[in-house]
Amino acid sequence: MNPNDPTATGDVDLASLFAAPHDTTLNAAGAVAPPVYQSSLFTFDSYQAFQSRISGGSQQAIYSRVDNPTVRAFERLMCQAENAAASAAFASGMGAVAAVVFGLLRPGQRLACVEHVYPDAYRLFERLLRPFGVEVSYHPVAAFADPELLRGVSLVYLESPTSITFETVDLAKVAANARCHGALTVIDNSWATPLFQQPLALGIDLVLHSASKYISGHSDTVAGVVSGRAEPMAKIIDLSVPLLGAKLAPFDAWLLIRGLRTLDARMRVHQATAGLFVERLNAHPLVCRVNAPGPDNTPELRGRSGLLSAVLAPEVDVARLCDALKVFKLGVSWGGFESLILPVRAVLTQAGEHNSLQRFGADPQLVRLSLGLENPEHLWADFDAALNASVV
Ligand SMILES: *Cc1c(COP(=O)(O)O)cnc(C)c1O
4 MNPNDPTATG DVDLASLFAA PHDTTLNAAG AVAPPVYQSS LFTFDSYQAF QSRISGGSQQ
64 AIYSRVDNPT VRAFERLMCQ AENAAASAAF ASGMGAVAAV VFGLLRPGQR LACVEHVYPD
124 AYRLFERLLR PFGVEVSYHP VAAFADPELL RGVSLVYLES PTSITFETVD LAKVAANARC
184 HGALTVIDNS WATPLFQQPL ALGIDLVLHS ASKYISGHSD TVAGVVSGRA EPMAKIIDLS
244 VPLLGAKLAP FDAWLLIRGL RTLDARMRVH QATAGLFVER LNAHPLVCRV NAPGPDNTPE
304 LRGRSGLLSA VLAPEVDVAR LCDALKVFKL GVSWGGFESL ILPVRAVLTQ AGEHNSLQRF
364 GADPQLVRLS LGLENPEHLW ADFDAALNAS VV
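Last residue of the sequence shown: number 395 in our numbering, and the count goes up by one each step with no gaps.
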């Protein structure tokens with residue numbers, strides 16, 4: 004793949020995922036889209052068949068909190084996309100994060116995490132994991148290059164690029180350092196999707212996504228998924244899936260399978276629009292800094308997604324900018340059709356306990372843009388006009 008080609012995506016061939024061997028339960032009557040198995044339970048033909056399932060001798064679906072054929076179809080596609088031994092899908096990205104940390108960590112063990120981690124992951128670690136007895140430490144991305152950092156650590160929690168600030172980590176190096184100390188590694192790969200970053204190939208043990216973002220692609224479902232090496236996945240599947248109870252629902256799995264079919268096409272558009280914005284933001288007199296990782300500055304990345312942030316000049320009134328935008332909408336989340344702005348100034352006022360941006364700092368002039376699938380010139384015209392109109 005040519006990293007300079009703005010329309011190129013990685014070398015994961017999504018079409019080949021869907022050409023996988025014919026599954027008669029999922030492709031009955033030649034259907035190209037699988038049926039939604041909207042059933043809570045699955046019955047057995049005989050005592051013997053039931054007992055075999057209970058004792059682990061068969062894999063037949065039994066109850067949808069544990070396993071459902073439509074959900075299994077999505078998990079199988081994710082396994083192929085990530086080149087993983089196993090996948091487990093959850094009712095949200097946070098369900099996936101909780102399944103990893105509570106499935107793998109025990110009181111007295113230590114989690115090492117990047118500083119600008121997804122704000123709700125930070126709150127999970129501080130409000131639930133720490134009282135559970137797990138020690139949690141946070142480090143700037145550059146600190147992970149030090150092999151001594153991970154001494155005594157059981158799990159390394161990475162996000163690369165990090166949320167909102169979009170700093171990146173040398174994944175192969177961290178994976179090697181962690182292995183030296185017997186620590187497992189997990190990365191939140193929502194930003195890159197399996198198309199633009201393949202962490203398992205770099206030695207990372209587990210990769211998770213908020214599938215609410217690019218994998219769904221249409222801002223119409225909340226979902227999560229974890230994939231990775233057989234051993235840690237077995238713990239997550241045996242403990243977290245049945246006991247934490249955040250399994251993905253069948254209809255949501257169906258939406259995600261639909262999302263995967265268009266992921267490659269959508270990411271090409273996000274990438275092209277982001278390329279246009281990076282160039283013009285960098286040249287704009289009212290923009291001080293652009294945080295936009297891509298293959299040009301980050302060797303792990305095979306593409307640039309549509310999520311980036313920019314520090315605006317001090318004379319820009321961020322509230323006025325948000326209110327002046329007509330095509331961009333103001334909102335959390337990202338990865339769908341519609342373009343969104345997230346003003347960090349407002350996130351810094353979150354009530355209650357601190358989130359990761361409040362704890363580790365972020366410039367109040369920082370805004371995050373999720374560049375959607377609208378006409379890129381209309382998007383730029385909207386942003387440029389609103390920015391110029393918001394100087395005070
Ligand atoms: C949204 C998000 C999550 C949480 O996912 P949900 O599906 O909202 O639970 C985790 N990580 C990142 C980077 C996110 O953007």
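All C-beta atoms in this analysis are idealised placements derived from N, C-alpha and C, irrespective of residue type, glycine included. Since we're looking at a predicted model, the values are computed, not measured.
Closer than 7 Å: is that where the CB of residue i sits relative to any heavy atom of ligand 1?
| i | result |
| --- | --- |
| Val229 | no |
| Gly220 | no |
| Glu282 | no |
| Met81 | no |
| Glu162 | yes |
| Ala101 | no |
| Ser308 | no |
| Ala226 | yes |
| Met97 | yes |
| Asp255 | no |
| Ser359 | no |
| Ala91 | no |
| Tyr141 | no |
| Ser312 | no |
| Lys216 | yes |
| Asp16 | no |
| Ser193 | yes |
Can you find the residues in the same chain that come closer than 8 Å, C-beta to C-beta, to residue i, ignoring five residues on each side of it along the sequence?
| i | result |
| --- | --- |
| Ile2 | The question about residue 2 has no answer, for the chain in this structure spans 4 to 395. |
| Leu127 | Met97, Val100, Ala101 and Val104 |
May I ask which residues mark the beginning and end of the beta strand (DSSP E) holding residue i?
| i | result |
| --- | --- |
| Pro298 | No beta strand (DSSP E) holds Pro298; DSSP gives it neither H nor E. |
| Ser19 | Careful: Ser19 lies outside any beta strand (DSSP E), inside the alpha helix (DSSP H) at Leu17 to Phe21. |
| Ser359 | First-last for Ser359: Ser359 to Phe363, but that is the alpha helix (DSSP H), not the beta strand (DSSP E). |
| Tyr3 | This structure gives no information on residue 3, because the portion of the chain shown stretches from 4 to 395. |
| Gly227 | Gly227 to Gly231 |
| Phe93 | Ala89 to Phe93 |
| Glu162 | Leu158 to Glu162 |
| Glu380 | It is not in any beta strand (DSSP E) - Glu380 instead sits in the alpha helix (DSSP H) that spans Pro379 to Asn391. |
| Tyr121 | Per DSSP, Tyr121 belongs to no beta strand (DSSP E) and is neither H nor E. |
| Val370 | Leu369 to Ser373 |
| Tyr141 | Glu138 to His142 |
| Leu209 | Leu209 to Ser213 |
Taking residue i as part of the alpha helix (DSSP H), name the residues at either end of that continuous run.
| i | result |
| --- | --- |
| Leu114 | No alpha helix (DSSP H) holds Leu114; the beta strand (DSSP E) holding it covers Arg113 to Val117. |
| Arg348 | Val347 to Val350 |
| Ile57 | Tyr50 to Ile57 |
| Asn192 | Where Asn192 is concerned, there is no enclosing alpha helix (DSSP H), given that its DSSP letter is neither H nor E. |
| Ala85 | Per the sequence shown, the amino acid found at residue 85 is Glu instead of Ala. Element bounds for Glu85: Pro72 to Glu85. |
| His287 | Looking at the DSSP string, His287 is not in any alpha helix (DSSP H), and its letter there is neither H nor E. |
| Ala101 | Gly96 to Leu107 |
| Val319 | From DSSP, Val319 is part of no alpha helix (DSSP H); its letter is neither H nor E. |
| Leu247 | Val244 to Leu247 |
| Glu330 | Strictly speaking, residue 330 in this sequence is Val, with Glu absent from that position. No alpha helix (DSSP H) contains Val330, which DSSP labels as neither H nor E. |
| Val177 | Leu174 to Cys183 |
Leaving aside the five residues before and after residue i along the sequence, list all residues of the same chain whose C-beta is less than 7 Å from its C-beta, in chain order.
| i | result |
| --- | --- |
| Leu203 | Glu85, Asn86, Ala87, Val210 and Gly231 |
| Cys325 | Leu333, Ile344 and Pro346 |
| Leu242 | Gly106 |
| Val293 | Val281, Leu284, Asn285, Leu311 and Ala313 |
Tell me the rounded alpha-carbon separation between residue i and residue j.
| i | j | result |
| --- | --- | --- |
| Leu205 | Leu304 | 12 Å |
| Thr276 | Leu374 | 7 Å |
| Asn378 | Phe331 | 12 Å |
| Arg283 | Ala36 | 41 Å |
| Ser193 | Glu129 | 22 Å |
| Ala32 | Val69 | 27 Å |
| Ala11 | Arg133 | Confidence at Ala11 is low in this model, with a pLDDT of 45, below 50, so the placement of that residue should be treated as unreliable; the coordinate-derived value is given next. So the alpha carbons of these two residues sit roughly 42 Å apart. |
| Glu234 | Glu162 | 21 Å |
| Pro65 | Gln54 | Per the sequence shown, residue 65 should be read as Ile rather than Pro. Each residue's alpha carbon lies about 11 Å from the other. |
| Met4 | Gly306 | For Met4, the pLDDT reaches just 41, beneath the cut-off of 50, and the residue's location in the model is therefore unreliable, although a value from the coordinates is still provided. Spanning the two alpha carbons is a distance of roughly 10 Å. |
| Phe280 | Ser61 | 52 Å |
| Ile218 | Pro164 | 17 Å |
| Ala179 | Asp208 | 11 Å |
| Leu360 | Asp366 | 9 Å |
| Asn7 | Asp173 | Any reading at Asn7 needs caution, since the residue's pLDDT is 44, under 50, leaving its predicted position unreliable; the model's value is listed next. The straight-line gap from Cα to Cα measures roughly 21 Å. |
| Val137 | Gly227 | 23 Å |
| Gln200 | Asp48 | 44 Å |
| Cys291 | His381 | 23 Å |
| Ala186 | Ser336 | 31 Å |
| Phe169 | Ala52 | 50 Å |
Ignore the nearest five residues each way along the sequence and tell me which others in residue i's own chain have a CB closer than 6 Å to its CB.
| i | result |
| --- | --- |
| Cys183 | none |
| Trp257 | Val39 and Thr73 |
| Ala392 | Ala327 |
| Val321 | Pro346 and Arg348 |
| Phe77 | Ala92, Ala256, Leu259 and Ile260 |
| Leu251 | Val74, Ala92, Phe93, Ala94 and Ala226 |
| Pro245 | Val69 |
| Lys329 | Asp385 |
For residue i, would you say it is in contact with chain C, using Cβ-to-Cβ distances shorter than 8 Å as the test?
| i | result |
| --- | --- |
| Ala31 | The structure shown contains no chain C, having only a single protein chain. |
Does ligand 3 have a heavy atom nearer than 7 Å to the CB of residue i?
| i | result |
| --- | --- |
| Ala124 | Among the ligands modelled here, namely ligand 1, ligand 3 does not occur. |
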